[in-house]
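For reference, the structure discussed in these notes is given below.
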Amino acid sequence: MLNRFLFARIDNSPLIIFRIFFGFLIAAECYGALMTGWVRRNLVDPEFTFNFIGFDFLQVLQGTPMYAYFFIMGTLGICVALGYKYRFSMIAFTILWTGAYLMQKTSYNNHYYLLILISSFMCLVPANRSHAIDVRQNPSLKTDRMFGWVKWAVVLQLFIVYTYASIAKWYGDWTDFGIIKILMQDKADYYIIGGLLQERWAHSIIGVVGILFDLLIVPALLWKPTRKAAFFFSIFFHLFNSIVFQIGIFPFLSLAFSVFFFEPETIRRIFFKKKTPYVSNKIEIPSYKNLLLLLGGIYFLVQVLLPLRHHIIKDNVLWTEEGHRLSWRMMLRSRAGTIQFKVINRETGTSEFVKLNDYLSKKQKRRLAAYPDFIWQFAQHLKKEFAEKGEDVSVHAINSKVSINGRPYRAFINPETDLASVPWEPLRHHEWIFPSSLED
1 MLNRFLFARI DNSPLIIFRI FFGFLIAAEC YGALMTGWVR RNLVDPEFTF
51 NFIGFDFLQV LQGTPMYAYF FIMGTLGICV ALGYKYRFSM IAFTILWTGA
101 YLMQKTSYNN HYYLLILISS FMCLVPANRS HAIDVRQNPS LKTDRMFGWV
151 KWAVVLQLFI VYTYASIAKW YGDWTDFGII KILMQDKADY YIIGGLLQER
201 WAHSIIGVVG ILFDLLIVPA LLWKPTRKAA FFFSIFFHLF NSIVFQIGIF
251 PFLSLAFSVF FFEPETIRRI FFKKKTPYVS NKIEIPSYKN LLLLLGGIYF
301 LVQVLLPLRH HIIKDNVLWT EEGHRLSWRM MLRSRAGTIQ FKVINRETGT
351 SEFVKLNDYL SKKQKRRLAA YPDFIWQFAQ HLKKEFAEKG EDVSVHAINS
401 KVSINGRPYR AFINPETDLA SVPWEPLRHH EWIFPSSLED
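The sequence shown begins at 1 in the UniProt record's numbering and counts up one residue at a time.
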């Protein structure tokens with residue numbers, strides 16, 4: 001059974017058309033980031049970007065070089081779509097995109113993380129064996145088949161993503177539609193639909209459909225009797241998300257994934273009418289079978305366990321944010337905060353309050369006040385800056401308060417803690433975060 005699923009040879013049309021879609025989409029993402037000013041706002045203008053903790057060395061790339069960085073990524077995307085120097089282009093893009101992801105988290109998006117996973121997958125698969133410049137230059141590369149594991153790896157990855165996204169929504173602020181009301185408040189001026197999005201019945205529909213779509217879409221696409229209906233509903237669902245939430249290429253990438261759920265013959269007839277069909281389904285056991293099963297098993301075990309890590313970390317993830325990222329917890333909360341930073345010279349005892357406007361953009365300040373890793377990271381930045389001036393200082397978060405999903409502001413960070421001296425431990429709770437009061 002396992003051999004039939006993973007090692008049967010099937011038509012590679014879904015992989016080939018996905019490569020084309022994927023290449024143009026990642027190019028659009030990168031060129032779009034340049035044209036909309038996203039790169040300037042997040043990676044050029046800020047004096048300090050909140051990189052992922054442990055990747056401070058990426059700060060050296062900050063500034064005007066990021067324009068060229070994103071232009072190169074966009075160009076690599078075009079090369080991927082055309083199947084030109086595919087392996088090099090895909091690996092180079094994956095490395096650069098991962099670097100860009102780790103450089104900043106002020107504009108964090110779960111979809112950026114998904115793009116790392118899918119890009120890494122695309123580095124490993126033979127997506128340039130048809131309808132590619134590489135094949136024209138080297139005809140020996142051409143083939144019309146691929147192993148079944150290519151399809152099922154994509155399906156399993158999407159099943160994990162959507163299932164965890166659905167499970168995460170089963171909590172009070174989503175099921176009473178309160179967070180949806182908050183998310184829709186800044187959509188009121190949208191043409192035609194803005195007013196409708198403020199209605200309670202609209203919040204109810206969005207809430208229920210959000211849970212059910214994420215839970216059922218992968219099984220519905222896999223089951224032939226519901227496949228077409230699920231696909232057409234996916235078009236509506238993802239276009240709605242694109243219009244309302246403006247989340248870049250992700251809705252279109254999600255639709256592109258659909259090619260792996262249809263029969264390869266169907267995809268070939270639609271997109272590659274002149275392509276030679278492959279219908280053998282012959283089972284061929286590759287020499288790397290055991291290695292594939294081992295590495296694939298480890299990878300998917302990590303993918304299953306990583307979103308669960310917040311359950312072993314003390315307190316409520318909605319309050320602490322510990323274990324939130326890389327867990328497919330999408331559009332679940334709205335955070336707002338207030339904070340001041342007090343720097344105390346250890347030798348003289350003199351103190352001063354930091355002027356945040358001298359360091360951070362408006363968006364960075366909003367993030368800083370509400371997220372503990374931002375707070376800790378900025379304290380480390382201040383410690384380093386003062387050390388360069390010859391001062392040994394402690395850094396304290398003063399008047400730190402946070403509101404979760406419109407609740408009253410509550411004390412968040414212990415002002416007695418010297419944040420410049422405590423370590424960051426990614427898999428443990430930080431006791432300088434005051435206990436959650438979300439149950440109140």
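Backbone N, C-alpha and C fix where the C-beta goes; we use that ideal spot for every residue, glycine too.
The model shown is predicted, which means the values in this text are computed figures rather than measured ones.
> Ala-154 to Phe-257, Cα distance in whole Å?
Replying inline: Counting from 1 along the sequence shown, the entry for residue 154 is found at position 154. Counting from 1 along the sequence shown, the entry for residue 257 is found at position 257. The question names Ala, but residue 154 is Val in the sequence shown. So the two alpha carbons sit approximately 8 Å from each other.
> For Ala-188, which residues does DSSP report across the bridge?
Replying inline: In the sequence shown, counting from the first residue as 1, residue 188 sits at position 188. Beta-bridge pairing links Ala-188 to no other residue.
>> On a Cα-Cα basis, can you pick out the residue from Val-208, Gly-195, Gly-297 that is closest to Gln-185?
In response: As a working note, residue 185 is residue 185 in the sequence shown. If we check each option's Cα against that of Gln-185, Gly-195 comes out closest.
> For the putative contact between Ile-179 and Asn-405, defined by C-beta atoms under 8 Å, what is the C-beta separation to the nearest angstrom?
Replying inline: For the purposes of this step, residue 179 is identified with residue 179 of the sequence shown, where counting begins at 1. For the purposes of this step, residue 405 is identified with residue 405 of the sequence shown, where counting begins at 1. Right, their Cβ atoms sit about 5 Å apart.
> Since Asn-316 sits in a beta bridge, which residues does DSSP pair it with?
Replying inline: In the sequence shown, residue 316 corresponds to position 316, counting from 1. Looking at the DSSP assignment, Asn-316 forms no beta bridge with any residue, so it has no partner.
>> Taking the alpha carbon of Glu-47 as the reference point, which residue from Gln-59, Ile-53, Gly-37, Phe-55 has its own alpha carbon closest?
In response: Indexing the sequence shown from 1 puts residue 47 at position 47. Considering only alpha carbons, the answer is Gln-59.
> What's the C-alpha gap between Phe-18 and Val-259?
Replying inline: Residue numbering aside, residue 18 sits at position 18 when the sequence shown is read from its first letter. Residue numbering aside, residue 259 sits at position 259 when the sequence shown is read from its first letter. Rounded to the nearest angstrom, the two C-alpha atoms are 7 Å apart.
>> Do Val-422 and Val-343 count as a contact pair if the criterion is CB distance below 8 Å?
In response: In the sequence shown, counting from the first residue as 1, residue 343 sits at position 343. In the sequence shown, counting from the first residue as 1, residue 422 sits at position 422. No, Cβ-Cβ distance for Val-343 and Val-422 is not below 8 Å.
>> Quick check on DSSP: helix, strand or coil for Asp-214?
In response: Locating residue 214 in the sequence shown gives position 214, counting from the first residue. In the structure shown, Asp-214 sits in a helix (DSSP, three-state: H, G or I).
>> So, for Arg-346: in the same chain, excluding its five sequence neighbours on each side, which residues have a beta-carbon less than 7 Å away from its beta-carbon?
In response: Along the sequence shown, read from residue 1 onward, the residue named residue 346 stands at position 346. Within the same chain, Arg-346 has close Cβ partners Asp-392, Val-393, Ser-394.
>> Which complete beta strand (DSSP E) runs does the segment 346–431 hold, if anything under 3 residues is left out?
In response: 351–353, 393–404
>> Buried or exposed for His-324, going by 16 or more other Cβ atoms inside 10 Å?
In response: Position 324 of the sequence shown holds residue 324. It is buried - the Cβ of His-324 has at least 16 other Cβ atoms within 10 Å.
>> Give me, in chain order, the residues of the same chain whose beta-carbon lies closer than 6 Å to that of Asp-440; leave out the 5 immediate sequence neighbours on both sides.
In response: Translated into the one-based positions of the sequence shown, residue 440 becomes position 440. Its pLDDT being 45, under 50, Asp-440 is placed unreliably in this model, and the value from its coordinates should be taken loosely. Nothing meets the Cβ criterion.
>> If I follow the unbroken alpha helix (DSSP H) through Met-73, where does it start and stop?
In response: The residue you call residue 73 lines up with position 73 of the sequence shown. Note, Met-73: alpha helix (DSSP H), 65–82.
>> I'd like the span of the alpha helix (DSSP H) that includes Arg-19, first residue to last.
In response: Along the sequence shown, one-based indexing puts residue 19 at 19. Element bounds for Arg-19: 13–35.
> Does DSSP put Val-343 in a helix, in a strand, or in coil?
Replying inline: Numbered from 1 along the sequence shown, position 343 holds the residue referred to as residue 343. Strand.
> DSSP three-state call for residue 447: helix, strand or coil?
Replying inline: Given a span of 1 to 440 for the chain in the structure shown, any question on residue 447 remains unanswerable.
> Since Phe-147 is in the beta strand (DSSP E), which residue starts that stretch and which ends it?
Replying inline: As a working note, residue 147 is residue 147 in the sequence shown. Segment 145–147, the beta strand (DSSP E) holding Phe-147.
> Sorted by chain position, which residues of the same chain lie with C-beta nearer than 6 Å to Gln-303's C-beta, five sequence neighbours on each side aside?
Replying inline: As a working note, residue 303 is residue 303 in the sequence shown. If we look at Gln-303 and ignore the five residues flanking it on each side, its Cβ neighbours are Ile-160.
> DSSP state of Ile-249, grouped into three classes?
Replying inline: Locating residue 249 in the sequence shown gives position 249, where the first residue counts as 1. Looking at Ile-249 - three-state DSSP - the assignment turns out to be coil, as it is neither helix nor strand.
>> In the DSSP output, which residue or residues are listed as bridge partners for Ile-433?
In response: On the sequence shown, position 433 is the one that residue 433 refers to. Per DSSP, Ile-413.
>> Output needed for Leu-6: all residues of its chain with C-beta closer than 6 Å, excluding positions within five of it in sequence on either side, in chain order.
In response: Working through the sequence shown from its first residue, we reach residue 6 at position 6. Closer than 6 Å at the Cβ level, and outside the excluded window around Leu-6, lie Gly-148, Trp-149.
> Which parts of the segment 150–181 are runs of the alpha helix (DSSP H), unbroken and 4 residues or longer, counting only runs that do not cross its ends?
Replying inline: 172–175
> How would you call Ala-229, buried or exposed, if buried means at least 16 neighbouring beta carbons within 10 angstroms?
Replying inline: Position 229 of the sequence shown, counting from 1, holds the residue named residue 229. Under this definition Ala-229 is an exposed residue.
> Thinking C-beta only, is Asn-128 closer than 8 Å to Leu-117?
Replying inline: Mapped onto the sequence shown, residue 117 falls at position 117. Mapped onto the sequence shown, residue 128 falls at position 128. No.
>> Tell me the rounded alpha-carbon separation between Phe-353 and Leu-291.
In response: Residue numbering aside, residue 353 sits at position 353 when the sequence shown is read from its first letter. Residue numbering aside, residue 291 sits at position 291 when the sequence shown is read from its first letter. Going from the Cα of Phe-353 to the Cα of Leu-291 covers about 56 Å.
> Hey, does Gln-380 have any beta-carbon neighbour from chain C nearer than 8 Å?
Replying inline: The structure shown contains no chain C, having only a single protein chain.
>> For Val-279 and Arg-145, I'd like the C-alpha separation in whole angstroms.
In response: Within the sequence shown, residue 279 is the residue found at index 279, counting from 1. Within the sequence shown, residue 145 is the residue found at index 145, counting from 1. Taking the straight line joining both Cα atoms gives about 9 Å.
>> So, with DSSP's three-state summary, where would you put Ile-10?
In response: Translated into positions along the sequence shown, residue 10 becomes position 10. Strand at Ile-10.
> What residue range is occupied by the uninterrupted alpha helix (DSSP H) comprising Met-330?
Replying inline: Taking the first residue of the sequence shown as 1, we reach residue 330 at position 330. That residue, Met-330, is in no alpha helix (DSSP H); it is neither H nor E in DSSP.
> Phe-93 and Ile-26: beta carbons closer than 8 Å?
Replying inline: Mapped onto the sequence shown, residue 93 falls at position 93. Mapped onto the sequence shown, residue 26 falls at position 26. Taking 8 Å as the Cβ cut-off, Phe-93 and Ile-26 qualify as a contacting pair.
> Quick one, which of Asn-42, Gly-23, Ile-285 has its alpha-carbon nearest Lys-85's?
Replying inline: By one-based count along the sequence shown, residue 85 stands at place 85. Considering only alpha carbons, the answer is Gly-23.
> Around the Cβ of Gly-172, are there at least 16 other Cβ atoms within 10 angstroms (buried) or fewer (exposed)?
Replying inline: Your numbering for residue 172 matches position 172 in the sequence shown. Exposed, since its Cβ has fewer than 16 Cβ neighbours within 10 Å.
> Do Tyr-434 and Ile-413 have their C-beta atoms closer together than 8 Å?
Replying inline: As a working mapping, residue 434 is identified with position 434 in the sequence shown. As a working mapping, residue 413 is identified with position 413 in the sequence shown. Rather than Tyr, the amino acid found at residue 434 in this sequence is Phe. Yes, these two residues count as a Cβ contact at 8 Å.
> Where does Asp-440 sit, in a helix, a strand or coil, going by DSSP?
Replying inline: Reading the sequence shown from its first residue, position 440 is the one you call residue 440. With a pLDDT of 45 at Asp-440, under the threshold of 50, the modelled position of this residue cannot be trusted, and the question is left open.
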